[in-house]
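**Q** Take the UniProt record's numbering: the last position of the sequence shown gets the number 204, and nothing is skipped along the way.
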Amino acid sequence: MKIIAVGMNYALHKEELGHTEINTEPVIFMKPDSAILKDGKPFFMPDFSKEIHYETELVVRINRLGKNIATRFASRYYDAVTVGIDFTARDLQRKFRENGQPWELCKSFDSSAVIGNFVEVDRYKDVQDLHFHLTIDGKEVQRGCTKDMLFRIDDIIAYVSQFVTLKIGDLLFTGTPVGVGPVSIGQHLEGYLEDEKLLDFYVR
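This is how it looks when you write it as structure tokens:
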């Protein structure tokens, strides 16, 4: 399986990171399967970064093989969603960007893609109008709604499938809203989708 992720898919998040350009296509990056962290296992702070940020996102699970998928058929290619964290080594990201280098390493390191328990999409009336939020030590730190995405889920799937064949079990991280921030050892992170807790783990 592979992890496909979308960067800067919420306008206010782009602003908080200082990006003013207008994207006419989704910003796509990939994470290896070794980035997956699931089942409530703890996230261990890496030695190579002093500034690990959480980025809370809706994660979509692909359930069909697909290539060159039309937008109108894209909803047939995923069956479940959850809340996930795209951990980012922000200090490395800044350094790589300043040097004009690729910044995959700041996003794709081991355990950088945390996922919660999946919920069937049929439970929801509209996946493009789902609220999700993250708490740290019981305090809400980030909240978003999928209706605020710059590029909708079905459009992202159609776009990505032009370049990469989607396979059963692939995961799509759909982008984070405003409110990203640092984590530290000992913190307790809990992620909610429509007020149902799907994600629960500690930072070690």
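Beta carbons: idealized from backbone N, C-alpha and C, even for Gly.
Measure the CB-CB distance between F29 and K107 and report whether it falls below 8 Å.
**A** yes
**Q** Specify the secondary structure class of V59 as computed by DSSP and reduced to three states.
**A** strand
**Q** Less than 8 Å between the C-beta atoms of L166 and G84, yes or no?
**A** No, the pair does not count as a contact, with Cβ atoms beyond the cut-off.
**Q** Less than 8 Å separating the beta-carbons of L198 and N117?
**A** yes
**Q** Would you identify the three-state DSSP class for Y124, choosing helix, strand or coil?
**A** coil
**Q** Contact check, K147 vs D122 under 8 Å by CB: the rounded distance?
**A** Incorrect: roughly 19 Å between the Cβ atoms, too far for contact.
**Q** Do the stretch 44-53 and the stretch 151-159 touch if we need at least three Cβ pairs shorter than 8 Å?
**A** no
**Q** Just to confirm, are E57 and T135 a CB contact at a threshold of 8 Å?
**A** no
**Q** Where does D39 sit, in a helix, a strand or coil, going by DSSP?
**A** coil
**Q** Tell me, which residues are paired with Y54 by DSSP?
**A** Bridge partners of Y54: G181.
**Q** Can you name, in chain order, every residue of its own chain whose Cβ lies under 8 Å from the Cβ of P32, other than the five neighbours on each side?
**A** Same-chain partners within the cutoff: K2, I3 and S108.
**Q** If you reduce the DSSP assignment to three classes, tell me which class Q162 lands in.
**A** Q162: coil per DSSP, three-state reduction.
**Q** Are V59 and V81 close, meaning C-beta to C-beta below 8 Å?
**A** yes
**Q** Give me whichever residues DSSP pairs with R76 in a beta bridge.
**A** Answer is none; R76 lacks a bridge partner.
**Q** Is the distance from the Cβ of Y10 to the Cβ of G191 below 8 Å?
**A** no
**Q** For Q187, which of G138, L37, S34 and R64 has the nearest alpha-carbon?
**A** Relative to the Cα of Q187, the nearest Cα in the group G138, L37, S34 and R64 belongs to G138.
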